[in-house]
Amino acid sequence: MHVENLTALCVELLEPLRAALGQPVRITSGYRSKAVNGAVRGSPTSAHTLGLAADLKSIAGDAEHILRVLHGLDLPELDQAIGYDATRGGHVHVGLARPGMMPRRQYLWAPEEGGYRSWRP
Numbered sequence: 002m003h004v005e006n007l008t009a010l011c012v013e014l015l016e017p018l019r020a021a022l023g024q025p026v027r028i029t030s031g032y033r034s035k036a037v038n039g040a041v042r043g044s045p046t047s048a049h050t051l052g053l054a055a056d057l058k059s060i061a062g063d064a065e066h067i068l069r070v071l072h073g074l075d076l077p078e079l080d081q082a083i084g085y086d087a088t089r090g091g092h093v094h095v096g097l098a099r100p101g102m103m104p105r106r107q108y109l110w111a112p113e114e115g116g117y118r119s120w121r122p
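First residue of the sequence shown: 2, per our numbering; consecutive thereafter.
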């Protein structure tokens with residue numbers, strides 16, 4: 002199941018994003034076993050443990066720029082995109098919905114002070 006999920010993640014989200022940015026995306030975290038997810042203090046319900054999410058950076062721009070590009074692509078399979086302030090890693094989390102679930106098409110920002118808030122361009 003993980004390989005199929007990771008393939009879908011690449012086809013549905015990562016490759017369209019890379020093409021739109023015109024630059025490579027660097028995956029900083031992809032599939033994580035439950036043990037690794039716990040060690041990095043990931044959410045117990047993290048989509049990473051199913052191969053449905055990746056954290057990434059790109060020389061094409063900062064997290065907010067990447068969120069704007071993702072939003073402009075209007076990818077129907079996008080479940081969640083979270084941009085993290087530079088003080089919290091400066092990366093973007095992207096994920097697909099779990100099988101059988103409708104994508105939430107949710108965009109969030111993780112500000113310096115902690116927590117998450119809704120994000121719009």
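Glycine is no exception: its CB is placed at the ideal position from the N, C-alpha and C atoms.
Looking only at its chain, what residues have a beta carbon closer than 7 Å to the beta carbon of residue i, apart from the 5 residues adjacent to it on each side?
i   : result
H92 : T29, D56, L57, K58, A64 and Y85
A21 : V70 and L74
Which stretch, first to last residue, makes up the beta strand (DSSP E) that contains residue i?
i   : result
L57 : A54 to K58
Do residue j and residue i have their beta-carbon atoms positioned less than 8 Å apart in this structure?
i   : j   : result
A98 : D80 : yes
V26 : L15 : yes
S47 : A40 : no
If we count the other Cβ atoms within 10 Å of its Cβ and call it buried at 16 or more, is residue i buried or exposed?
i    : result
Y32  : buried
G101 : exposed
G96  : buried
A82  : buried
Please list the terminal residues of the continuous alpha helix (DSSP H) segment that includes residue i.
i   : result
V37 : K35 to A40
V95 : Taken as a continuous stretch (DSSP letters only), V95 belongs to no alpha helix (DSSP H), being part of the beta strand (DSSP E) at V93 to L97.
In chain order, what residues of the same chain have a beta carbon less than 6 Å from the beta carbon of residue i, not counting five sequence neighbours either side?
i   : result
L51 : N6
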